[in-house]
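Visitor: I'd like to ask some things about the structure below.
Protein chains: 2
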Amino acid sequence: MNGAESLVRTLVAGGINVCFTNPGTSEMHFVAALDKVDGIRCVLGLFEGVVTGAADGYWRMADKPAATLLHLGPGLGNGLANLHNARKASSGIVNIVGEHATYHIKHDAPLTSDIEGIARPVSAWVRTSPSARTVAADGAAAIVAARTAPGQIATLILPADTAWNEADGVAAVAPVAAPTPVSAEAIERCAKALRSGAPAMIMLTGRAVREHGLALAGRIATTTGARILAQGSNARIQRGAGRVPIERLPYPVDQALAVLKDIRHLILVGAKAPVAFFAYPDKPSVLTPDGCQIHQLSTMAEDSIGALEALADAVGAKKNGEVVQQPGRPGLPTGALTPDTLAAALGALLPEGAIVSDESVTTGRGFFKQTAGAPPHDWMNNMGGSIGLGMPLATGAAIACPDRKVVCLEGDGSGMYTVQALWTQARESLNVTTVVFANRTYAILRGELANVGAGTPGRKAADMLDIGRPDLDWVALARGMGVPASRATTAEEFNKQFAAGLAASGPYVIEAVV
Amino acid sequence: MNGAESLVRTLVAGGINVCFTNPGTSEMHFVAALDKVDGIRCVLGLFEGVVTGAADGYWRMADKPAATLLHLGPGLGNGLANLHNARKASSGIVNIVGEHATYHIKHDAPLTSDIEGIARPVSAWVRTSPSARTVAADGAAAIVAARTAPGQIATLILPADTAWNEADGVAAVAPVAAPTPVSAEAIERCAKALRSGAPAMIMLTGRAVREHGLALAGRIATTTGARILAQGSNARIQRGAGRVPIERLPYPVDQALAVLKDIRHLILVGAKAPVAFFAYPDKPSVLTPDGCQIHQLSTMAEDSIGALEALADAVGAKKNGEVVQQPGRPGLPTGALTPDTLAAALGALLPEGAIVSDESVTTGRGFFKQTAGAPPHDWMNNMGGSIGLGMPLATGAAIACPDRKVVCLEGDGSGMYTVQALWTQARESLNVTTVVFANRTYAILRGELANVGAGTPGRKAADMLDIGRPDLDWVALARGMGVPASRATTAEEFNKQFAAGLAASGPYVIEAVV
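See below:
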């Protein structure tokens, strides 16, 4: 078998069953090998940001990596922003990036570039395979790197001749080490802080905001009086009726400062010490108050669940002592379509088992509260702040969980970065209902212009923040990519369209004019 | 004035009058400064690949750099593929990339990344400005770097506090050195080769394929019997009736080998020694035959026009001795819409002064010949091979040349990468007529799969090459972004729609179903 086939067979042997692709000439042997080998589903994206964002969504829901297939340095470049987001979410991805044949690189043909240089800022592991005989082993190492806790970006660069030359066969994939256990000393330090009686907060993310982690944190909170809070953004929160409810740290600095102002002990479970998303003149970068002691119970690479179990024991938390969310939905809203009525409609209609891909930016700041008592569901945020993740993330989640409904909550500004995701949803008949909040502006920037003290926007500045003139027609855009769509301008219209989208098989887009 | 204002005023003083933007929070002071300072037009793109590709097109037509405004590392990442293309075209661009405030970077907030690392593979010059007092001088240095022959990518990273803190004022922009003159020895070596009587070819690109360079090359060819040929891709060829006609080196390796097979002396004017775009098993990388001597008359950084003038003198070429293209257009085609009838329609209708942005890939291989006798026009290719440049390039060219008609020839696969360019064309009412060749496939890859010997595509592989299922509806996509559009399925329909598009003020899209 050739190198490409040895690599694809190694990927399948290593548990990789999906490859999100946007291939070119240098990847043709790899494509032929994907064709030949069973056990790996190929999903085409028309733009590489769709491919890499989908791989992020797949990891979050499948808890194992997908592969991507990208065309040389520029193809990787197009996928870079969503790889940045994936890296910040600690998602594991195996990127296969085509390269010219080893002997061709020196000729500096048009597509020649420094692929390793482009890969390094977003990758924990980068390797250019030197020959067809090493490709399988390099692929196996990439899988191990991607699966290493908490999940990492591994980029394997595949010169074309290493794909077409004769290989030695499939490589064995080494077992992946379990997350590092947390020391007894760290647990005792946190337990002591919680026992001190001073106001304490446990800030969680990663595995700790899944159902079991939240139950443990909830028990600890009940026993000690500590508050629990999730990071501002999280890869996947399991929430809804019957689960321990958790709020997130607000994005606006003043609100975040207010939430944290009385805390004397902050215990971090997977989370990082809270800092402002951006710096602003006259506002602090560090959000914890002076005198607040920060205790890292576990990092993302460590075993947060084991640490919470040990901490629950250390503070004598009662089994089943956690307070869970009672079921409850708001009534269907009527009247104007506003962030508030949209929040109510989501709360009223979100189906059990839904997976929410939330890139609603400013419009969605009230969505979390109104959906708290909906049936159990998962909620995914953009962890890296590079907008344009929502629709790809939804796409990958839908591939990972074909029996669940994905709800994508998308800003109109954000959605345009990777709008090509809709085509992949149509091709693969994915169960994704997308709501685009059409406020015709980068609304967040209007606030930020004021926040940074840059004054009131004049005409030229306003034009840079405003994405109307002309208005985007999301119904036309969606239909142009084969996705049925409709426009809602009142709460009543939205309720009806959202219910219809959820009931439909396959993708659906609603332009919610707010 | 603050750092942002000092930088914007320096840009304007340095001759930068257009800024293609996709800003975020960290760039708000820069946006406010753009608002305040006259002399710089701001053009918003809804995706950064539009922004950087437009800056490339602007350079090619204006012969001076535009600025771009990008949001931190991921925003730069989204612009990377078209910066790669711009670098390969030797286009000068001044990228302004926002960054967190200097004191905020260490907190590793969600958008923190290695911006310099992302910039380096595509930039000749990279600098992170350390303070508001250095920003203007750093901007002046960036302009000089961008304008240094043949044109370079300069990336200035602007931490937010260097924008909002107090600055020292506007910096002087140093004069830019003229392109390096070519040595008398190089000219004599090339003259000697041309006088030898052995079959010779002059391969040109850069300034040498503009009108004056081609006239000089044509005179040399007339006198010496040498053939002239342009590189496979060129930033801007000036062609049409009354100009010296020039063909390009074909993309398919076998055709390129056939064109070059008898050449004994190859003289390179700006051009690089010809190599295959990709490597293929059993085909050579180097396209010149054994025994062909290669003489570099000038590199892209050198003065190709001066070198051609000296060479023309050295071989005794007669003034006005060049053979120019006679006017002549094919008749309007009838019947089925095919690459051949499309070529005839373009030849019949291309208006005088048109600027062609050619990313027609496989469909367009016959376009060059049929448009040779059209009235004078410019023809731009993708130099870096990363598809998704055509529509942004057309956008930037239209900003540079508001009085000319831009014709964008775009593959349907290529067009989807940066489809957001259409919105910018609508907002700015740009005179761009786009023809999308809807063959519902990455047609080039079907040929390449066979070329690399990867066999006949099976179902999974065919799905990776085929972009139908569902078909893209380009009329809907264009209208969704505010651009009028129509679909042509016969030559007669196409003739009528293309003429209407050219006659219209503002952008127009034709989906040509082939």
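Chains as they are written, first to last, in our numbering: chain R, 1363 to 1876; chain B, 1363 to 1876.
Where is the CB? At the ideal position from N, CA and C, for every residue including glycine.
(1) Do three or more CB pairs link the segment 1426 to 1445 of chain B to the segment 1599 to 1619 of chain B at distances below 8 Å?
(2) Quick one: what's got a C-beta closer than 6 Å to A1638 of chain R's C-beta in the same chain, skipping five residues either side?
(3) Under 7 Å between beta-carbons, which chain B residues line up against V1637 of chain R? List them in chain order, please.
(4) Compare the C-alpha of T1780 of chain B against each of B:T1650, B:A1540, B:M1843 and name the closest.
(5) For A1679 of chain R, which residues in the same chain have their Cβ closer than 6 Å to its Cβ, ignoring the five residues on either side in sequence?
(6) At the level of alpha carbons, what is the spacing between K1858 of chain B and G1830 of chain B?
(7) Tell me whether V1497 of chain R is buried or exposed, calling it buried when 16 or more other Cβ atoms sit within 10 Å of its Cβ.
(8) For I1608 of chain B, which of helix, strand or coil comes out of DSSP?
(9) Put R1601 of chain B into one of helix, strand or coil per three-state DSSP.
(10) Give the residues of chain B in contact with M1778 of chain R, contact being defined as C-beta atoms less than 7 Å apart.
(11) Excluding five sequence neighbours on each side, which residues of the same chain lie with their C-beta closer than 7 Å to the C-beta of Y1804 of chain R?
(12) Can you find a C-beta in chain R that's less than 8 Å from the C-beta of W1487 of chain B?
(13) Is it the case that the Cβ atoms of I1455 of chain B and A1562 of chain B are separated by a distance below 8 Å?
(14) Do you know whose CA, among B:A1759, B:N1744, B:K1822, B:A1847, lies nearest H1391 of chain R's CA?
(15) Is the shortest distance between the beta-carbon of E1810 of chain B and the beta-carbons of chain R less than 8 Å?
(16) Who are I1519 of chain R's beta bridge partners in DSSP?
(17) Whose Cβ in chain B lies nearer than 8 Å to the Cβ of W1526 of chain R?
(18) Per DSSP, which one or two residues make a beta bridge with H1657 of chain B?
(19) State whether the segment 1737 to 1744 of chain R contacts the segment 1413 to 1432 of chain B, with contact taken as three or more CB pairs (one from each stretch) at a distance under 8 Å.
(20) What do you reckon, are the CB atoms on G1746 of chain R and L1434 of chain B nearer than 8 Å?
(21) Is the separation between the beta-carbon of D1523 of chain B and that of R1495 of chain B shorter than 8 Å?
(22) Can you confirm whether A1555 of chain R, when its beta carbon is compared against all beta carbons of chain B, has any partner nearer than 8 Å?
(23) Express the C-alpha separation of G1479 of chain R and H1574 of chain R in angstroms, rounding to a whole number.
(24) I want to verify the contact list: residues of chain R whose CB lies under 8 Å from the CB of P1832 of chain B, in sequence order.
(25) Roughly how many angstroms lie between the CA atoms of G1863 of chain B and V1769 of chain B, to the nearest whole one?
(26) Is there a Cβ from chain R that is less than 8 Å from the Cβ of F1382 of chain B?
(27) Is the segment 1833 to 1848 of chain R touching the segment 1834 to 1842 of chain B, taking contact as three or more C-beta pairs under 8 Å?
(28) Can G1632 of chain R and T1724 of chain R be called in contact, C-beta distance under 8 Å?
(29) Check whether the Cβ atoms of L1699 of chain R and G1501 of chain R lie closer than 8 Å to each other.
(30) With a threshold of 8 Å between beta carbons, is T1430 of chain B in contact with chain R?
(31) Cutting at 6 Å between CB atoms, please list the residues of its own chain near T1795 of chain B, excluding the five before and the five after it.
(32) Short of 6 Å in beta carbon distance, which residues of its chain neighbour V1875 of chain R, apart from the five on each side in sequence? Order them along the chain.
(33) Could you compute how far the alpha carbon of L1396 of chain B sits from the alpha carbon of N1444 of chain R?
(34) Taking only beta-carbon positions, decide if I1564 of chain R is within less than 8 Å of chain B.
(35) Taking the alpha carbon of N1364 of chain B as the reference point, which residue from R:A1555, R:A1516, R:L1406, R:P1643 has its own alpha carbon closest?
(36) Which term fits Y1465 of chain B, buried or exposed, when burial requires 16 or more other beta carbons within 10 angstroms of its beta carbon?
Guide: A quick look at the data gives this:
(1) no
(2) As a position in the first sequence, residue 1638 of chain R is number 276, starting the count at 1. Counting only Cβ-Cβ distances below 6 Å, and skipping sequence neighbours, we find V1615, S1647.
(3) On the first sequence, residue 1637 of chain R is found 275 positions in, with the first residue counted as 1. What V1637 of chain R touches in chain B: H1469, A1471.
(4) Position 418 of the second sequence holds residue 1780 of chain B. Comparing Cα positions, the closest option is B:M1843.
(5) Against the first sequence, residue 1679 of chain R aligns to sequence position 317. Result list for A1679 of chain R: R1581, I1582, T1585, in chain order.
(6) For the purposes of this step, residue 1858 of chain B is taken as residue 496 along the second sequence, with counting starting at 1. For the purposes of this step, residue 1830 of chain B is taken as residue 468 along the second sequence, with counting starting at 1. Answer to the nearest angstrom: the Cα atoms are 26 Å apart.
(7) By one-based count along the first sequence, residue 1497 of chain R stands at place 135. Classification for V1497 of chain R: buried.
(8) Walking along the second sequence from the start, residue 1608 of chain B turns up at place 246. Look at I1608 of chain B here: in three-state DSSP terms it is coil, with no helix or strand label.
(9) Position 239 of the second sequence, counted from the first residue, corresponds to residue 1601 of chain B. The answer is strand: DSSP assigns R1601 of chain B an E or B state.
(10) Here the question's residue 1778 of chain R lines up with position 416 in the first sequence. Those are L1408, F1409, Q1782, listed as they occur along chain B.
(11) Counting from one through the first sequence, the residue named residue 1804 of chain R turns up at place 442. Contacts found: G1775, L1827, I1829.
(12) Residue 1487 of chain B sits at position 125 when you count from the first residue of the second sequence. Not closer than 8 Å to any Cβ of chain R, the Cβ of W1487 of chain B fails to qualify, so no.
(13) The residue given as residue 1455 of chain B occupies position 93 in the second sequence. The residue given as residue 1562 of chain B occupies position 200 in the second sequence. No, Cβ-Cβ distance for I1455 of chain B and A1562 of chain B is not below 8 Å.
(14) Here residue 1391 of chain R corresponds to residue number 29 of the first sequence, with the count starting at 1. Nearest of B:A1759, B:N1744, B:K1822, B:A1847 to H1391 of chain R, Cα basis: B:K1822.
(15) For this step, residue 1810 of chain B is matched to residue 448 along the second sequence. Chain R, which has a Cβ nearer than 8 Å to the Cβ of E1810 of chain B, makes this yes.
(16) Stepping through the first sequence from its first residue, residue 1519 of chain R is reached at position 157. In DSSP, I1519 of chain R forms a bridge with R:V1459, R:T1490.
(17) In the first sequence, the residue the question calls residue 1526 of chain R occupies position 164. Result: P1643, V1814, G1815, A1816.
(18) Reading the second sequence from its first residue, position 295 is the one you call residue 1657 of chain B. DSSP, once it has assigned bridges, lists B:I1629 as partnering H1657 of chain B.
(19) no
(20) Taking the first sequence and counting its residues from 1, the one referred to as residue 1746 of chain R is at position 384. Taking the second sequence and counting its residues from 1, the one referred to as residue 1434 of chain B is at position 72. For G1746 of chain R and L1434 of chain B, no; Cβs fall outside 8 Å.
(21) Here the question's residue 1523 of chain B lines up with position 161 in the second sequence. Here the question's residue 1495 of chain B lines up with position 133 in the second sequence. Not closer than 8 Å, so no.
(22) Start at 1 with the first residue of the first sequence, and residue 1555 of chain R comes out as number 193. Judged by the 8 Å Cβ criterion, A1555 of chain R is not in contact with chain B.
(23) The residue you call residue 1574 of chain R lines up with position 212 of the first sequence. The residue you call residue 1479 of chain R lines up with position 117 of the first sequence. Their Cα atoms are separated by approximately 40 Å.
(24) Residue numbering aside, residue 1832 of chain B sits at position 470 when the second sequence is read from its first letter. Chain R residues near P1832 of chain B: W1785, A1788, R1789, M1843, G1844.
(25) Taking the first residue of the second sequence as position 1, residue 1863 of chain B is located at position 501. Taking the first residue of the second sequence as position 1, residue 1769 of chain B is located at position 407. The straight-line gap from Cα to Cα measures roughly 10 Å.
(26) For this step, residue 1382 of chain B is matched to residue 20 along the second sequence. Taking Cβ atoms only, chain R never reaches closer than 8 Å to F1382 of chain B, which makes this a no.
(27) yes
(28) On the first sequence, position 270 is the one that residue 1632 of chain R refers to. On the first sequence, position 362 is the one that residue 1724 of chain R refers to. For G1632 of chain R and T1724 of chain R, no; Cβs fall outside 8 Å.
(29) Here the question's residue 1699 of chain R lines up with position 337 in the first sequence. Here the question's residue 1501 of chain R lines up with position 139 in the first sequence. For L1699 of chain R and G1501 of chain R, no; Cβs fall outside 8 Å.
(30) Here residue 1430 of chain B refers to the residue found at position 68 when the second sequence is read from its first residue. Not one chain R Cβ lies under 8 Å of T1430 of chain B.
(31) Numbered from 1 along the second sequence, position 433 holds the residue referred to as residue 1795 of chain B. Around T1795 of chain B: V1769, G1863, L1864, Y1870.
(32) Indexing the first sequence from 1 puts residue 1875 of chain R at position 513. Cβ within range, chain order: A1800, T1851.
(33) Position 34 of the second sequence, counting from 1, holds the residue named residue 1396 of chain B. Position 82 of the first sequence, counting from 1, holds the residue named residue 1444 of chain R. Whole-angstrom Cα-Cα distance: 29 Å.
(34) Residue numbering aside, residue 1564 of chain R sits at position 202 when the first sequence is read from its first letter. False, the Cβ-Cβ gap to chain B never drops below 8 Å.
(35) In the second sequence, counting from the first residue as 1, residue 1364 of chain B sits at position 2. Taking only the C-alpha atoms, the option nearest N1364 of chain B is R:P1643.
(36) Locating residue 1465 of chain B in the second sequence gives position 103, where the first residue counts as 1. Label assigned to Y1465 of chain B: exposed.
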